[in-house]
Each structure stands twice: as C-alpha cells, then as structure tokens.
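Enquirer:
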Amino acid sequence: MAFLDLTNIRKAFGTADAVTDFNLEVERGEFVSFLGPSGCGKTTTLRMIAGFEQPTSGEIRINGTDVTRKSPNQRNVGMVFQSYALFPNMTVAGNIGFGMKVTRRPKDEIAERVNEMLALIRMPELGDRYPYQLSGGQQQRVALTRALAVKPQVLLLDEPLSALDAKIRVELRGEIRRIQQQLGITTIYVTHDQEEALSLSDRIVVMNAGRIEQIGGPFEIYNYPSTTFVAGFVGTLNQLRCTAEDPAAGKLSFDGQIFSAGSPVTAAKGQPVLAMLRPEELRFGATEGENQLNGVVERVTFLGSIVRMYIRLGASTVTLDALNERRLTLPKVGETQTVSFPAHAVWVLPEA
Amino acid sequence: MKKRASLWGWFWVLLGVVYFLVPLVGTFTFSLEMKRDVLSFASYQAVFADPDFARTFLFSNQMALLTIIGSLALFVPTAYWVHLKVPHLRPVVEFITLMPFVIPAIVLVFGMIKLYKNPVTIGSLTLIQAPTNSVLGTNMLLVAGYIVLAMPYMYRAVDTGLRAMDVRSLTEAAQSLGANWFTIIVRVILPNLRAALLSGALLTFAIVVGELTLANFLDRPAFGPYLWLLGQHRAYEPAALSIISFSLTWAAMGMIFLVSRGRGGQGQVAGAH
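In the order they appear, the protein sequences are chains A and B.
In terms of the numbering used here, the first sequence opens at residue 69 and continues consecutively.
In terms of the numbering used here, the second sequence opens at residue 14 and continues consecutively.
1) Based on Cα-Cα distance, which residue from Arg-176/B, Leu-140/B, Ile-198/B and Val-171/B lies nearest to Ser-84/B?
2) Quick check for students: name the residue ranges of the alpha helix (DSSP H) that lie wholly in the region 280-304 of chain A, counting only runs of 4 or more.
3) Name, going along the chain, the residues of the region 182-208 of chain A whose beta-carbon falls closer than 8 Å to a beta-carbon of chain B.
4) Compile a chain-ordered list of the residues in the region 384-417 of chain A whose CB is closer than 8 Å to at least one CB of chain B.
5) Counting only beta-carbon atoms, is Gly-162/A nearer than 7 Å to chain B?
6) Is Gly-278/A helix, strand or coil by DSSP?
7) Please specify which runs of the alpha helix (DSSP H), each continuous and at least 4 residues long, are wholly inside the region 221-260 of chain B, giving them in chain order.
8) State the Cα-Cα distance for the pair Leu-229/A and Gly-174/B, rounded to the nearest angstrom.
9) For Ala-59/B, tell me which candidate among Met-268/B, Ala-252/B and Val-89/B has the shortest Cα-Cα distance.
10) Looking at the strands, I want to know which residues DSSP matches up with Ser-125/A.
11) Return the chain-ordered list of same chain residues with a C-beta closer than 7 Å to the C-beta of Gly-284/B, the five sequence neighbours on each side being excluded.
12) For my contact list, Ala-215/A and Met-147/A are in at a C-beta cut-off of 8 Å; report their separation, rounded to the angstrom.
13) What are the start and end residues of the beta strand (DSSP E) that includes Phe-370/A?
14) Which bits of chain A does Asn-74/B rub up against, with CB to CB less than 9 Å?
15) So if DSSP puts Gly-83/B in a beta bridge, which residue, or which two residues, is it bridged to?
16) Against Val-201/B, what residues of chain A qualify as contacts under a CB-to-CB distance less than 8 Å, listed in chain order?
17) DSSP three-state label for Glu-356/A, please.
18) Report the three-state DSSP secondary structure of Gly-146/A (helix, strand or coil).
19) For the candidate residues Ser-258/B, Val-199/B, Phe-230/B and Leu-206/B, whose alpha-carbon lies nearest to that of Gly-223/B?
20) For Gly-191/B, go through chain A and note every residue whose CB falls closer than 7 Å to its CB, in chain order.
21) For Gln-142/B, collect the residues of the same chain with a Cβ closer than 8 Å to its Cβ; drop the 5 residues on either side in sequence, then sort them by chain order.
22) Which residues in chain D sit within 8 Å of Leu-183/B, going by Cβ to Cβ distance?
23) Taking the straight line between their C-alpha atoms, what separation do you get for Arg-190/A and Ile-82/B?
24) Taking 8 Å as the threshold, find out whether the region 218-227 of chain A comes into contact with the region 249-258 of chain A through three or more Cβ pairs.
25) Between the region 329-337 of chain A and the region 290-305 of chain A, are three or more C-beta pairs nearer than 8 Å?
26) From Trp-263/B, Met-125/B, Leu-271/B and Phe-236/B, pick the residue whose C-alpha is nearest to that of Ala-67/B; which is it?
27) Could you check where the alpha helix (DSSP H) with Asn-183/A kicks off and where it finishes?
28) Of the residues that make up the region 109-126 of chain A, which ones have a beta carbon closer than 7 Å to any beta carbon in chain B?
29) Can you check DSSP and say which residues form a bridge with Ile-379/A?
30) Have a look at Val-95/B, Trp-23/B, Val-199/B and Leu-240/B and flag the residue whose alpha-carbon is nearest the alpha-carbon of Leu-254/B.
31) By the DSSP assignment, the alpha helix (DSSP H) with Arg-181/B in it spans what residues?
32) Enumerate in chain order the residues of its own chain whose CB-to-CB distance from Thr-304/A is below 7 Å, with the five nearest sequence positions on each side excluded.
33) Span of the alpha helix (DSSP H) holding Asn-163/A?
34) Taking DSSP's pairing of strands, which residues face Arg-309/A in a bridge?
35) Is the Cβ of Leu-72/A closer than 7 Å to any Cβ of chain B?
36) In terms of residues, what are the limits of the alpha helix (DSSP H) holding Leu-154/B?
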C-alpha cells in the first residue's frame with residue numbers, strides 16, 4: 069500500500085465538479101507535482117489532503133490511516149503557502165517553534181529544533197528577526213522550515229515560488245529539492261509552472277478541468293504525452309495540420325510537401341491528422357536523411373542560450389529552437405529557408 | 014506653477030489648523046477666566062473638587078471597560094468568522110452594524126425599558142427578575158445599550174484590522190501546525206489586531222464616557238448626564254471639562270501611535286479611514 073493514497077476523489081462546489089475521478093498513490097519519500105492551468109483543480113486537491121476542504125466523495129489515507137474526515141490540525145501535514153503566511157507577531161524562531169509550542173513540547177526541545185531548522189536553511193543568525201524584516205525568499209524559507217519543524221508525514225506546497233522573482237525562484241527551487249531529499253519527506257507540490265514541475269519532481273500529475281490527464285516522470289510527460297492537452301501544456305509544441313498520404317508507410321502531406329512520421333499512422337488515406345513536433349527537434353537548414361520542409365522566416369527571437377525562430381510553413385507557423393553559438397549566423401526575416409527533422413521526432417494524433 | 018500649487022497647499026493646511034485650533038484656544042482661555050481679571054486654574058480646581066465629578070467619571074469608566082470587554086468578545090469572533098467562512102455576508106453584517114446610526118438612542122432605550130421592565134419567564138417559571146428593578150440589572154442594560162451604540166466603531170475597527178492581514182492563510186497555517194480555534198484566535202489573530210482593537214476600544218471609551226441619552230433614561234449616575242447638568246448651571250467648569258477630556262483623548266491617541274509604531278510600521282489607527 070502506498071504511503072499517501074487518494075481514491076476516487078471527487079469535489080463538487082454547488083453543481084460544478086472541481087475535481088473528479090482523482091486516483092493517486094504516492095510512495096514514501098516521493099516528490100509529486102500537480103501541474104495544470106489555473107482552475108484545473110490542483111489546489112483544491114491539495115487542500116483536501118491538508119483537510120481545508122472536504123471531498124464530496126472518495127477516501128484519503130496517509131500511512132494506512134483514513135484521514136478523510138479528520139480536521140486539519142489532526143492530520144500532521146505540513147503546508148507552505150504562496151503568500152508565506154508567516155505570523156507577523158512572532159519572530160522567525162517563534163514561527164518555526166509555533167507547531168511544537170501548540171503541542172506543548174518542552175522548551176529545550178523546541179529551541180534545539182528551531183536551531184536545527186535554521187541551520188537547514190542556512191539562516192542561523194536570523195532567529196530574532198520579524199517576518200517584515202526578511203526578503204520574500206527568506207520568508208518562504210522560514211515558512212518551509214516552520215512546516216517541517218513538526219515532522220509532518222506529508223509536506224504540501226501550494227505554488228510556493230509564485231510570488232518570488234525569477235532568480236530567487238530558481239535558487240529556492242533547488243533548495244526545496246535538497247531539503248526534501250535530505251529529510252526524505254513525502255511531498256506534494258502544486259504549480260502551474262512546467263519548468264518547476266519538470267525540474268523538481270519524481271512524478272508529475274498533469275491536470276485539466278478537474279481530471280488527471282497523465283501521471284508520469286518528467287521525461288515521460290515531456291517526450292511521451294498521452295493527450296493533446298499534455299502535449300500542448302507541457303513545453304512548446306508545433307502542431308501541423310496534415311493529411312494522411314500513405315498511412316501504412318507513415319507518409320503525411322503538409323502544404324503540398326510530403327514528409328515521413330517514421331511509423332505507420334492509424335488513419336485513412338486523405339483523413340486530416342495532427343503532427344506534433346517539439347521546437348528543439350527541428351533543425352535549421354537541410355540535413356541529409358531527415359524530413360525537409362521549406363518555409364519563410366517570420367521572426368527571430370534571441371533568448372540567450374537559445375535562439376527561437378518562427379518559420380511560416382503554409383498556413384501555420386512553427387517554432388524552432390537552436391542552441392546559441394558564437395559563430396551562428398542568424399537568418400533574416402523574409403528569407404526562404406529549409407527546416408529538417410528526423411522522422412522519429414514526429415508523433416501523430418487524429419484531428420479532433 | 015509648482016510654486017503656486019505649494020502656496021495653495023499651505024493655505025489649506027493653515028485654514029485647517031485655524032479651524033481646529035481657534036475654538037480650542039478660545040475654550041481654554043475662557044476656562045482660565047473664572048476669577049475676575051486674573052488667569053487661573055480655579056475652574057479646574059472646582060471641577061476636581063466636586064465629588065460628583067469623580068463619582069460619575071469613575072462610574073462611566075467602569076461601564077466603558079465592561080462595554081469594551083463585551084464588544085470585543087462579541088465582535089472579534091463575529092468579524093473573524095465572517096471573514097473566514099461567510100465573506101459573501103459581509104455587506105449584510107456591515108448594514109446591521111450601521112443600524113445604530115439610523116435608529117436613535119432614544120428609541121433603543123425606550124425599547125429596552127419596555128421589554129425589560131417585566132421579568133423574563135417561561136410559562137409560570139421566572140428565569141430572571143425584571144432587570145430594571147435592580148441596580149445590577151439596569152447597569153447590565155446600560156452596558157448592553159452601549160455595546161449597540163459602539164458597534165459601528167468597534168466592528169469597523171476589527172474589520173479593518175482583519176482586512177490588513179491574510180486571515181485565511183494565517184488560520185490555515187496555524188491549523189496545519191496543530192492549533193485549535195481557541196489557540197488561533199488568542200495566539201495568532203488577536204496579537205495581530207492589537208492596534209485595531211486599541212483604536213476600537215478608544216472610540217468605544219469616548220462614546221460611553223460622553224453618552225447622555227441611555228444613562229439619563231435608565232437613571233444611572235454617569236458622566237454624560239453630569240456634564241449636561243453642569244453645562245446647564247455653570248459657565249467656566251464645562252469649558253475646563255472639555256479641555257480635560259480633550260487632553261485625555263489625545264493621550265489615548267498618542268498611546269495607540271506608540272503601540273502601533275513598535276510593529277514595524279504596519280500598525281495604523283484602524284477605523285480612521
């Protein structure tokens with residue numbers, strides 16, 4: 069049996085279902101992210117695990133115990149909020165020690181644990197500060213250790229980095245993962261940022277409109293999305309509206325140009341299909357032995373380590389990512405150019 | 014252009030100061046003129062020498078304290094609950110809290126007298142003797158009436174204080190750390206409402222100490238009726254009393270400022286906007 073077990077969870081607000089058919093098993097020490105657009109039900113699910121919302125039906129078990137109807141203060145679940153939610157009237161040490169004080173732990177034990185926690189986030193000298201004297205990143209570190217100080221069974225993080233600026237976000241992301249692995253704590257992380265989910269998680273649950281679209285490791289989710297939604301939501305994706313030219317041979321026709329999808333396509337000849345391609349799988353210029361399509365350069369965006377080009381192919385525009393090099397000659401807008409891609413990079417879905 | 018704008022600015026500030034200070038200075042100098050041809054604090058001495066002053070002032074202070082305790086116990090949990098659980102009812106609750114502005118105190122006091130001049134009974138069983146028949150009962154009615162009169166100010170102060178913090182996240186954070194409702198209110202919500210509660214308490218105090226109608230019709234020896242009586246029969250003492258109460262109010266305001274300043278500038282006199 070898994071450590072955290074969510075079975076047939078459904079949550080309705082009035083007549084609308086916020087979450088339906090949610091089933092998930094999380095192993096002890098695992099880091100699982102809930103990823104999806106706003107309103108997809110990820111935060112609602114997290115709040116049900118925390119006990120702030122009651123599921124309309126279904127069961128939540130932590131370490132074999134049914135906690136579905138338990139109040140939040142009886143679940144021993146740590147929570148970190150987007151808004152930090154530090155108690156403004158208490159010092160950093162007071163905040164971290166709050167949970168232990170509530171459960172009437174001896175003073176020495178609290179002091180020891182607070183110091184341990186401050187060392188964990190490398191802020192040993194800041195115990196006497198008040199929250200308003202700290203930066204956003206520091207506040208969120210304190211909030212994290214406050215949740216960890218009570219040794220919760222599960223750690224829940226609700227978009228903890230959304231309120232921080234980009235650089236701190238990346239830094240703190242690494243720190244959260246380091247601490248999580250160091251303590252081996254089972255963690256659920258809610259985010260709408262795919263980069264966060266991909267870089268942090270052991271597994272990702274992609275959600276849309278209250279349902280799970282796909283559960284899998286970051287590599288799997290990115291490279292083998294099981295639905296069009298996942299393919300479109302995680303990472304950038306080129307979608308080419310093609311017609312099946314020779315389905316058995318995997319040949320597709322796009323804007324009068326023929327290319328190969330590598331494997332047979334399950335569609336009738338002449339039927340419209342969608343061919344998907346990641347921008348980084350496309351190459352600029354003609355490459356021997358690969359599919360080649362001709363198009364017009366529409367826009368070139370320099371992103372530092374990546375150069376993103378937008379190439380007009382017939383009725384649609386594809387995105388192409390090239391790694392930056394100093395000897396690179398950037399194409400000019402309006403030029404006709406060839407893009408190439410290997411057949412195995414293409415995956416095909418019947419057009420909805 | 015800019016120069017002229019700042020000149021006008023100063024003009025309005027000056028006008029405000031004059032408007033505010035002239036009556037005050039006038040009252041103060043008048044209060045010093047009790048003895049013919051010399052300026053003296055004789056009127057102040059007369060005020061302090063009057064045993065009724067101390068008696069009524071003390072009585073009103075006690076009532077104010079009870080009112081503050083009562084309204085805190087009533088409005089803090091109510092406002093907190095409305096914020097947390099039924100935010101869509103906020104306009105309704107706000108409307109109710111504004112009722113004392115619409116319904117005059119005289120209506121309130123006559124309603125109370127009419128209702129509570131009889132014993133509270135269930136069938137033939139008497140639960141409470143008629144409250145208006147005893148001093149304790151009448152004092153209780155007085156405090157209850159004061160709580161109603163102070164409601165717009167106290168509720169607003171608490172509400173403003175709650176708006177200034179993230180009530181929901183703070184509550185949930187405390188809950189997930191194992192705290193129960195009592196601990197959350199006492200250890201998390203109340204300390205962060207300190208400045209707001211203090212300003213609410215001050216406003217309540219000011220209302221209770223100067224209130225005339227309720228105390229008069231319930232026939233209690235309060236400060237309001239005393240002030241009114243004095244104003245009817247004396248000339249200089251009321252002026253001295255005005256200055257005294259004005260100083261008390263400013264002392265209290267100063268206290269709020271000091272308390273809220275210690276919180277890293279996050280405090281402010283709630284209800285003041």
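The beta-carbon is built from N, C-alpha and C at its ideal position, and this holds for glycine as well.
On a predicted model such as this, the values are computed, not experimentally measured, just so you know.
Expert: Straight from the coordinates:
1) Val-171/B
2) 286-291 and 296-301
3) Tyr-198, Tyr-200 and Gln-201
4) none
5) no
6) coil
7) 226-230 and 236-246
8) 27 Å
9) Ala-252/B
10) Arg-78/A
11) Interpretation of Gly-284/B is limited by its pLDDT of 38, a score under 50 that renders its predicted location unreliable; the figure taken from the coordinates is listed afterwards. So the list reads Tyr-166, Arg-169, Ala-170, Thr-173, Ser-212, Gly-213 and Leu-216, once near-sequence residues are dropped.
12) 6 Å
13) 359-370
14) Going along chain A, no residue has its Cβ under 9 Å from Asn-74/B, so there is no contact; the nearest lies around 29 Å.
15) DSSP, once it has assigned bridges, lists no residue as partnering Gly-83/B.
16) Phe-155 and Asn-157
17) coil
18) strand
19) Ser-258/B
20) Asn-141, Gly-167, Val-170, Thr-171 and Val-218
21) Pro-132 and Gly-150
22) Of the protein chains in the structure, A and B, none is chain D.
23) 45 Å
24) yes
25) no
26) Phe-236/B
27) 175-188
28) Ala-118 and Phe-120
29) Val-365/A and Val-386/A
30) Leu-240/B
31) 180-189
32) Pro-347 and Thr-387
33) 160-170
34) Leu-342/A
35) no
36) 148-176
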